[in-house]
Amino acid sequence: MNELLLIFSVILIFSSTVMFFRFFGVIGLCCITVFATITANIEVLLLVNAFGMEQTLGNILFASSFLCTDIASEIYGKKVSNKIVNIGICTSLLFMVLTQPWLMYIPSP
Numbered sequence: 438m439n440e441l442l443l444i445f446s447v448i449l450i451f452s453s454t455v456m457f458f459r460f461f462g463v464i465g466l467c468c469i470t471v472f473a474t475i476t477a478n479i480e481v482l483l484l485v486n487a488f489g490m491e492q493t494l495g496n497i498l499f500a501s502s503f504l505c506t507d508i509a510s511e512i513y514g515k516k517v518s519n520k521i522v523n524i525g526i527c528t529s530l531l532f533m534v535l536t537q538p539w540l541m542y543i544p545s546p
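Offset between the sequence shown (1-based) and this note's numbering: plus 437.
Right under this line is the structure:
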């Protein structure tokens with residue numbers, strides 16, 4: 438079952454990346470990169486067994502950022518692609534900094 442869900446996720450995420458690029462251009466690629474970075478950081482906590490190996494769910498989402506930078510590099514050039522990479526890195530760092538205080542909360546009983 439996990440294998441089917443992962444295949445569906447790959448198709449959904451990569452087709453969403455292409456659709457965002459088609460409708461919004463380079464801004465769509467930036468949006469997908471930011472979305473993938475944030476959600477991959479959340480999904481990385483889920484460990485599943487699929488295709489005979491254990492893996493985290495964040496891998497597929499994070500891989501979509503590679504597709505975004507490849508598309509940007511081919512069409513818009515290295516400068517735009519580097520900006521998208523930098524946006525992804527800054528988003529990841531900001532997410533880590535802003536979510537660290539969550540660990541200090543005392544949960545309700």
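Quick reminder that beta carbons are idealized off the backbone N, C-alpha and C, glycines included.
{"query": "Buried versus exposed call for residue 465 [16 or more other C-beta atoms within 10 Å across all chains shown]", "result": "buried"}
{"query": "Exposure label - residue 471; buried when at least 16 CB within 10 Å", "result": "buried"}
{"query": "Residue 501 and residue 451 closer than 8 Å at C-beta", "result": "yes"}
{"query": "Where residue 531 falls, given that 16 or more other Cβ within 10 Å makes a residue buried", "result": "exposed"}
{"query": "Boundaries of the beta strand (DSSP E) in which residue 485 is found, first to last residue", "result": "484–487"}
{"query": "Beta-carbon proximity check, residue 446 vs residue 497, cutoff 8 Å", "result": "yes"}
{"query": "Close-in-space but distant-in-sequence residues of the same chain around residue 529 (CB under 7 Å, 5 per side omitted)", "result": "474 and 478"}
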